[in-house]
Each structure stands twice: as structure tokens, then as C-alpha cells.
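Visitor: Under the numbering used here, the first residue of the sequence shown is numbered 1, with each subsequent residue one higher.
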Amino acid sequence: MHSDIRVCSAWTSAHDRPVYTFAETCPECGADAVNSAPAPFSPEDRWGEYRRKLKRRARE
Ligand SMILES: [Zn+2]
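(1) Express the C-alpha separation of T25 and N35 in angstroms, rounding to a whole number.
(2) Would you say the beta carbon of V34 is closer than 8 Å to some non-hydrogen atom of ligand 2?
(3) So, for A31: in the same chain, excluding its five sequence neighbours on each side, which residues have a beta-carbon less than 6 Å away from its beta-carbon?
(4) R17 by DSSP, collapsed to three states: which one?
(5) Determine the burial state of A33: buried for a count of at least 16 other Cβ atoms within 10 Å of its Cβ, exposed for fewer.
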């Protein structure tokens, strides 16, 4: 099953942490939201655990 979760494309400059959303724009700053995987800003996938927790919560 495909997940459509997205992340604010400007979170690195606009927020302290990734802002995830299912909408096409960030609910906090209005920037474009982009598909969260693969994460171009995170070659180490340092937010992978955070993202997996978010996905798990979203399925419940
Ligand atoms: Zn944002």
C-alpha cells in the first residue's frame, strides 16, 4: 500500500523539524509539500524512525 504522506519542502528553513502532512501544501507555512521518500535532504535517513512512527500512527 502506498503512503501519500508528504513533508514541507521548506522545513529546513521554516521549521525546527520536518512538518508532515497529507495535503499538497504545508499547513504551517504554506510551502509546497513534497513526497517524503526518498528524502533528498537526508541521505542518512536520519528522520526515518520519526517517519515510520508517523506512518504507524496514521494507519491506526
Ligand atoms: Zn512548512
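We put the beta carbon where it would ideally sit given N, CA and C, even for glycine.
Treat the numbers as computed from the prediction; the structure is a model and nothing was measured.
Guide: On the basis of the coordinates in this document:
(1) Within the sequence shown, the letter at position 35 stands for residue 35. Within the sequence shown, the letter at position 25 stands for residue 25. So the two alpha carbons sit approximately 11 Å from each other.
(2) Only ligand 1 can be found as ligands here, which leaves ligand 2 out of the picture.
(3) On the sequence shown, position 31 is the one that residue 31 refers to. Excluding residues within five positions, the ones whose Cβ falls inside 6 Å are C8, S9, A10.
(4) Position 17 of the sequence shown holds residue 17. It is coil, neither helix nor strand.
(5) Translated into positions along the sequence shown, residue 33 becomes position 33. With 16 or more Cβ atoms within 10 Å of its Cβ, A33 is classed as buried.
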